[in-house]
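S.K.: For reference, the structure I am asking about is given below.
Protein chains in written order, with the working numbering: chain A, 1 to 224; chain B, 1001 to 1224.
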C-alpha cells in the first residue's frame, strides 16, 4: 500500500508526525451483560487514522468496540469504557496532533452491578455520573498538540458546535447532524468545520474523502 | 442447500411446523444517539432458526440489531426495541413452536429524549420502567405453542434457570453462564437444558450443534 501511495503521488505531508485518533463509541457497563452505548460505528475515526498513516504519520488509534479492520500501518489500542479510553490516551507520551473522533459516553453508571440484575417488575432508577473529559486532558498538556474534535448534534448544529469548540479548547471542530439516516453507522457524512476565524462546509461524501479534507484544513490553519 | 440436506439425509422432523425464533439483543433508546444494550450477538438464535429451517420448519426469525446474515429459507423481521419485538411476535397468528433466544431488555427508559442530551457535569438519574414480557404473551395464547426459553446467568445457574422456567411457564429452558469469556458474542457455548422432570447437560460446542441438540430434546420431551 505504501508503494501504491508513493506511485499515486500521495503527499507525505504528515511524515513523522505523532497522530493520536480516538474512534468508535464506548460501552458503560450496567452489569456484566448490560451496558449503555451509542450509535457510533467508528468509521469516521478509522478513516482518519487510515488517511493520517497514508500521509506518513505515526498513528495510534484508540478504538472502542468495533468490528472494523485496523487500517494498514496503524497501531491500534482497543478499549471498552470511556475511563479506559481516557487512560489509554493519557498514557501516550507525546503527540503532535490529536483527533477525538470517538463518541465517548458523557456518563457512566455510578455503581455497576457485579452480577446480573434480576428483573423485579418495579421501576428502576439508574444513577449516572460524569466521565473524565478526554479532550480536556489533551488540551491541558504542557506540550499541547493541535486538537481536532467532533460534535454530533440533532439540532442547533452550528451554535452547539461553535460553543463546544471554545468550551473544550479545540483548534478545529468537525460538526455533523445525526438522526434520521444521518451521520452514525453510515459510510458517508456531511461535515461543518469550524475554527478560530474560519469555517468550511464539506458536502455529503465518503468518510475517507472527508478525512483528507480535514487534514487539508489542518494544514491551511497551521500554514505548514 | 435443500438438495444438500436431502442428500445428507437430514431428518425433516420439523416439516411444515410453524417455528418462531427471537434472536439478538434489543436496544432501548436514551436519546437519538444513546441506548441501553446487552452483549448478545444473536448467534444462538440465528443458529436455531437455521437448524429449524434445515429440518423443514416454516421459520420466522424476529431479530434485534445484528450484522449476521439471514439463514437460508428463513423469514426475518428486524426490530430494535423490546416493545417492537413484542409487537412483532404478537402479530404472528399461529405458531407450533416458540424459541425465545433473544436477550430482551427487561427495562426501557421511561422518557427517552427527542433530542441529544447535553452534558451538564451533574449526576444524572435515568428512570427505567419494565418492558412487556414477550414469553408471557406467547404462553397465554389460546393455541399455546411449545415454548423454549433461555436464561443467561452470571451465578446460581441451575437454581435461577429452574425458577425462571416455572415462573414463565416455559416447557424447556436452555441455561448458560455468561461473563468471563463465556456465552455472549462467541461462536460456541455450553448449555444446561431443564424441563419438567428432566435435564440434560450439553458440553461446550458450536452453537449450530447445540441448536440440533435442542430440537432433539424437544422431540424427546414431546415424544413425536
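Glycine included, every Cβ here is placed at the ideal spot set by N, Cα and C.
Since the structure is predicted, the reported quantities are computational estimates derived from the model, not experimental observations.
Cβ closer than 8 Å: which chain A residues qualify as neighbours of residue 1146(B)?
M.R.: Residues of chain A passing the Cβ test: none, with the nearest at roughly 24 Å.
S.K.: From what residue to what residue does the beta strand (DSSP E) around residue 1202(B) run?
M.R.: Here the beta strand (DSSP E) through residue 1202(B) covers 1198 to 1206.
S.K.: Below 8 Å on the Cβ atoms is my guess for residue 27(A) versus residue 80(A); work out the distance and round it to an integer in Å.
M.R.: At roughly 5 Å, the Cβ-Cβ gap stays under 8 Å, so residue 27(A) and residue 80(A) are in contact.
S.K.: Please identify the residue among 51(A), 211(A), 171(A) whose C-alpha is closest to the C-alpha of residue 195(A).
M.R.: Checking every option, the nearest Cα to that of residue 195(A) belongs to 171(A).
S.K.: Start and end of the alpha helix (DSSP H) containing residue 48(A)?
M.R.: Run containing residue 48(A): 43 to 54, per the alpha helix (DSSP H) assignment.
S.K.: Residue range of the beta strand (DSSP E) that residue 1063(B) falls in?
M.R.: Residues 1058 to 1063.
S.K.: Closer than 6 Å by C-beta to residue 1050(B): which residues in its own chain qualify, once you throw out the five before and the five after it? Chain order, please.
M.R.: Around residue 1050(B): 1071.
S.K.: Determine the direct distance from the alpha carbon of residue 1189(B) to that of residue 1119(B), and round the result to whole angstroms.
M.R.: Near 40 Å, if we compare the C-alpha coordinates of residue 1189(B) and residue 1119(B).
S.K.: Is it right to say residue 140(A) is buried, meaning 16 or more other beta carbons lie within 10 angstroms of its own, or is it exposed?
M.R.: Burial call: exposed.
S.K.: Are the C-beta atoms of residue 1105(B) and some chain A residue less than 9 Å apart?
M.R.: So yes, residue 1105(B) belongs to the interface.
S.K.: If we call anything under 9 Å between Cβ atoms a contact, is residue 1095(B) one with residue 1138(B)?
M.R.: Contact: yes.
S.K.: Residues in its own chain within less than 8 Å of residue 1031(B) by CB, not counting five upstream and five downstream?
M.R.: Only 1112, 1113, 1114, 1115, 1116, 1117 meet the Cβ criterion.
S.K.: Taking only beta-carbon atoms, is residue 189(A) less than 9 Å away from chain B?
M.R.: Chain B contact via Cβ: absent.
S.K.: Can you name the start and end residues of the alpha helix (DSSP H) that residue 1027(B) belongs to?
M.R.: Premise fails: residue 1027(B) is in no alpha helix (DSSP H) and is neither H nor E.
S.K.: Return no unless some Cβ of chain A is closer than 9 Å to the Cβ of residue 1134(B).
M.R.: So no, residue 1134(B) is outside the interface.
S.K.: Taking just the CA atoms, how far does residue 143(A) sit from residue 218(A)?
M.R.: Taking the straight line joining both Cα atoms gives about 18 Å.
S.K.: Please list, in chain order, the chain A residues whose beta carbon lies closer than 8 Å to that of residue 1123(B).
M.R.: Neighbours of residue 1123(B) on chain A, chain order: 110, 127, 128, 129, 130.
S.K.: From the beta carbon of residue 68(A), is the nearest beta carbon of chain B less than 9 Å away?
M.R.: Residue 68(A) does not count as touching chain B.
S.K.: Using a Cβ-Cβ cut-off of 8 Å (strictly less than) and excluding sequence neighbours within five positions of residue 55(A), which residues of its own chain qualify?
M.R.: So the list reads 10, 11, 12, 13, 14, 15, 215, once near-sequence residues are dropped.
S.K.: Within 9 Å (strictly less), CB to CB, does residue 1154(B) reach chain A?
M.R.: Cβ-Cβ to chain A under 9 Å: yes for residue 1154(B).
S.K.: Considering only the alpha carbon of each residue, which of 47(A), 34(A), 18(A) lies closest to residue 93(A)?
M.R.: If we check each option's Cα against that of residue 93(A), 18(A) comes out closest.
S.K.: Examine chain B for any beta-carbon lying closer than 9 Å to the beta-carbon of residue 256(A), and answer yes or no.
M.R.: Residue 256(A) falls outside the range modelled here, since chain A spans only 1 to 224, and no answer is possible.
S.K.: My parser needs the alpha helix (DSSP H) runs of 4 or more residues fully inside the stretch 1085 to 1140 of chain B; what are they?
M.R.: Entirely contained in the stretch 1085 to 1140 of chain B, the alpha helix (DSSP H) runs reaching 4 residues are, in chain order, 1134 to 1139.
S.K.: Alpha carbon to alpha carbon, what distance is there between residue 33(A) and residue 128(A)?
M.R.: Taking the straight line from one Cα to the other gives about 17 Å.
S.K.: With distances taken between CB atoms, is the gap from residue 146(A) to residue 175(A) smaller than 9 Å?
M.R.: Going by C-beta atoms, residue 146(A) is not nearer than 9 Å to residue 175(A).
S.K.: Is there a Cβ of chain B sitting closer than 9 Å to that of residue 117(A), yes or no?
M.R.: So yes, residue 117(A) belongs to the interface.
S.K.: How about residue 1131(B) and residue 1108(B): do their beta carbons lie closer than 9 Å?
M.R.: Yes, they are a contact pair.
S.K.: So, with DSSP's three-state summary, where would you put residue 1213(B)?
M.R.: Three-state result, residue 1213(B): helix.
S.K.: For residue 178(A), go through chain B and note every residue whose CB falls closer than 8 Å to its CB, in chain order.
M.R.: Within 8 Å Cβ-Cβ: 1032, 1033, 1116.
S.K.: Which residue from 1193(B), 1169(B), 1157(B) puts its Cα closest to that of residue 1177(B)?
M.R.: When only C-alpha atoms are compared, the closest one is 1157(B).
S.K.: Using a Cβ-Cβ distance under 9 Å, would residue 40(A) count as near chain B?
M.R.: For residue 40(A), the answer is yes, since a Cβ of chain B falls inside 9 Å of its Cβ.
S.K.: If contacts are defined as beta-carbon pairs under 8 Å, then residue 38(A) and residue 105(A) qualify, I think. What distance do you get, rounded to the angstrom?
M.R.: That pair is a contact at about 7 Å.
S.K.: If you drop the 5 nearest sequence neighbours on each side, which residues of the same chain put their C-beta closer than 6 Å to that of residue 1082(B)?
M.R.: Same-chain partners within the cutoff: 1026, 1104, 1105, 1131.
S.K.: Can you tell me where the beta strand (DSSP E) with residue 76(A) in it begins and where it stops?
M.R.: 75 to 78 is the extent of the beta strand (DSSP E) around residue 76(A).
S.K.: Between the alpha carbons of residue 173(A) and residue 78(A), how many angstroms are there, rounded?
M.R.: For residue 173(A) and residue 78(A), the distance between alpha carbons rounds to 24 Å.
S.K.: Which class does residue 1010(B) belong to by DSSP, given the choice of helix, strand or coil?
M.R.: Coil, per DSSP.
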